[in-house]
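Below is one structure, written out as structure tokens; the observations come after it.
There are 2 protein chains.
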Amino acid sequence: MSGTVERRRPPTAQQFVLEELRRAITTGELRPGDPIRQDALAARLDVSRVPLREALKTLEAEGLVVHHVHRGYFFAELSLADLEEIYRIRQLLETEAVRAALARMPDGLTGTLERIQEEVERAADAGDVTAMAEANRRFHFTLIEASGMPRLVRLIATLWDATDAYRALYYAEDPHRERAVHEHRAVVSAVGEADGTAAVRWLDEHREHAVAALREVLGRTD
Amino acid sequence: MSGTVERRRPPTAQQFVLEELRRAITTGELRPGDPIRQDALAARLDVSRVPLREALKTLEAEGLVVHHVHRGYFFAELSLADLEEIYRIRQLLETEAVRAALARMPDGLTGTLERIQEEVERAADAGDVTAMAEANRRFHFTLIEASGMPRLVRLIATLWDATDAYRALYYAEDPHRERAVHEHRAVVSAVGEADGTAAVRWLDEHREHAVAALREVLGRTD
DNA sequence: CCATTCAATACTGGATCCAATATCCGATCT
DNA sequence: AGATCGGATATTGGATCCAGTATTGAATGG
């Protein structure tokens with residue numbers, strides 16, 4: 015089977031590998047702590063080890079894998095403490111981003127957010143976790159990018175990537191999606207009124223709920 | 015010539031290349047915006063292109079170089095706006111780190127800082143810019159690492175790396191070193207009294223002076 | 001029976017070689 | 001003359017192959 019329904023492959027092998035690895039991580043195909051056998055993985059993805067290793071270097075910088083010289087790469091194990099730390103850092107950075115965004119208030123921001131929010135709600139109603147996660151990310155980053163601080167945006171994106179594996183888990187449950195939808199609406203209306211404090215408060219709550227859920231899940235499995 | 019006075023090479027070629035590139039960036043040997051010719055550079059460093067490319071991937075993640083598919087790597091050009099953004103983010107993250115450090119207050123922190131501060135002052139007096147930059151970094155990271163937040167430490171380290179090229183410039187001038195020494199002393203004494211607010215205030219000032227200097231330098235050259 | 005040593009093995013790190021893409025420059029056409 | 005097309009060249013992306021290190025397990029000695 016070639017060239018039928020399958021998604022178009024990225025232009026370079028590294029990018030393809032990178033996407034595949036991220037996907038594998040988010041779907042939980044590969045468990046944290048597992049060593050990465052480059053030969054086997056490269057063969058499975060039908061590429062050589064060179065682009066694989068370059069992709070792993072990227073993931074290493076993002077903290078998704080760790081590397082030991084002459085021993086190889088391992089999927090990073092995120093402890094509850096790690097996750098809490100990441101969410102705390104996100105809080106600091108996203109607060110700054112949102113404040114900056116509302117101070118600049120680019121044209122059409124509210125409208126764009128409302129439009130994306132509709133997509134979020136459609137996905138939430140349909141119970142489509144993947145679409146929900148994707149639209150949710152677009153929602154948040156539309157707001158964050160409005161800050162006009164590209165490095166800040168990149169940092170925040172990295173932090174999101176690091177916790178992707180756990181986010182899908184969160185949105186898998188109905189009440190979580192429901193709650194997220196409500197919090198988003200509150201954010202949209204705060205943005206509409208250019209009320210930075212309110213927006214930040216709602217986003218804090220949004221995040222805190224996610225952390226609470228993680229605490230629950232990881233608390234009982236670890 | 016082998017194994018005489020030359021610094022011991024790191025265990026892997028990538029690490030060697032990484033150090034060399036960082037050094038070249040900090041010393042200004044390679045100017046921002048310049049394309050990186052892999053073949054030439056690899057030959058100059060006497061390694062193959064593979065470890066070079068992996069090192070570049072690391073630098074890319076840190077924002078020191080940018081990469082365009084099939085066109086190669088380029089040394090990143092940091093505008094004044096970029097630098098200001100980085101320093102703003104550092105302020106947010108370092109404030110958190112210092113607050114956490116003082117809340118935990120690990121044993122011997124003050125003593126260690128005092129010891130390192132002595133090294134900083136020796137280097138400052140001697141006018142040894144490299145030693146000064148190195149000791150200065152140790153000083154700040156000793157404090158930051160006391161936060162017990164490893165991810166936060168990593169992020170801050172990345173931000174420092176991104177501006178290394180400009181930091182050496184700052185410490186090249188006598189009055190700057192002098193001022194840094196005084197600010198450090200104030201930080202040490204604030205830490206000794208477990209006064210987080212004071213420590214944060216002094217660090218903010220420390221950073222602000224650096225930014226002001228950059229603004230001056232870049233303002234007149236750009 | 002357990003610890004230690006040493007060799008076989010498996011895997012990573014690196015070098016070389018090949019393929020694919022972008023860039024540059026001259027020829028051609030309007 | 002200027003713009004456009006096409007081919008030569010330079011440079012990156014990727015595959016294969018080799019070298020060096022860590023790991024594993026069996027043999028040996030206490």
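These protein sequences, in sequence, are chains A and B.
For our numbering, add 14 to where a residue sits in the first sequence, where the first one is 1.
For our numbering, add 14 to where a residue sits in the second sequence, where the first one is 1.
Just so it is clear, CB atoms sit at the ideal spot from N, CA and C, and this is done for glycine as well.
Interface with chain A (8 Å Cβ-Cβ cutoff): Pro46(B) is excluded. Close CB contacts of Ala90(A) within its chain, under the 7 Å cut and outside five residues either way in sequence, are with Pro46, Gly77, Leu78, Val79, Val80 (chain order). Distance from Val143(A) to Ala75(A) at the Cβ level is roughly 28 Å; contact not present, criterion being Cβ atoms closer than 8 Å. Looking only at Ala140(A), Glu192(A), Val112(A), Glu159(A), the smallest Cα-Cα distance to Ala208(A) is reached by Val112(A).
For Leu94(B), the nearest beta carbon of chain A is not closer than 8 Å to its own beta carbon. By the Cβ test, the segment 32-43 of chain B is not in contact with the segment 191-205 of chain A, since fewer than three Cβ pairs between them sit closer than 8 Å. With its beta carbon at least 8 Å from every one in chain B, Ala138(A) lies outside the interface. Taking 7 Å as the upper bound on Cβ-Cβ separation, chain A lies near residues Asp96, Glu99, Ile100, Ile103, Leu106, Leu107, Glu110 of the segment 94-123 of chain B.
The segment 128-137 of chain B makes no contact with the segment 173-180 of chain B; the number of CB pairs closer than 8 Å stays below 3.
Per DSSP, the beta-bridge partners of Tyr87(A) are Ile50(A), His81(A). With respect to Pro25(A), Val83(B) sits close: the two C-beta atoms are nearer than 8 Å. Collapsing the DSSP output to three states places Asp142(A) in coil. The criterion of a C-beta distance shorter than 8 Å is satisfied by Leu169(B) and Ile103(A).
Close to chain B, meaning a Cβ-Cβ distance shorter than 8 Å, are the following residues of the segment 145-170 of chain A: Met163, Pro164, Arg165, Leu166, Arg168, Leu169. For Thr72(B), the chain A residues whose Cβ falls inside 7 Å of its Cβ are Lys71, Ala75, in order along the chain. A check of alpha carbon separations from Ile100(B) across Glu110(A), Leu92(A), Glu99(A), Ser93(A) identifies Glu110(A) as the nearest. For Thr177(A), no Cβ of chain B is located within less than 8 Å of the residue's own Cβ. Within chain A, Val83, His84 have C-beta atoms less than 9 Å from the C-beta of Pro25(B), given in sequence order. Arg67(B) reaches chain A at Glu68, counting residues in chain order whose Cβ is nearer than 7 Å. Annotation: the segment 163-228 of chain A contains no complete segment of the beta strand (DSSP E) (minimum length 3 residues). Under the three-state reduction of DSSP, Arg63(B) is assigned to helix. Residue state for Asp96(A) is assigned as helix, using DSSP reduced to three classes.
Of the other Cβ atoms in all chains shown, fewer than 16 fall within 10 Å of the Cβ of Met119(A); this residue is therefore exposed. Taking a C-beta distance under 8 Å as the contact criterion, Leu44(A) and Arg229(A) do not qualify as a contact pair. Here the segment 114-128 of chain B lies against the segment 150-168 of chain B, with 3 or more beta-carbon pairs under 8 Å apart. Where Arg37(B) is concerned, the enclosing alpha helix (DSSP H) starts and stops at 27-40.
Shown here, Glu110(B) sits in a helix according to DSSP, grouped into three states.
Of all alpha-carbon atoms in Val201(B), Ala147(B), Val202(B), the one lying nearest the alpha-carbon of Tyr180(B) is that of Ala147(B). Spanning the alpha carbons of Asp53(A) and Arg85(B) requires a straight line of approximately 28 Å.
For Val134(B), there are no C-beta contacts with chain A under 7 Å, since the nearest C-beta of that chain is about 28 Å from it.
No Cβ of chain A is located within less than 8 Å of the beta carbon of Val79(B).
Chain A has a Cβ within less than 8 Å of the Cβ of Val64(B).
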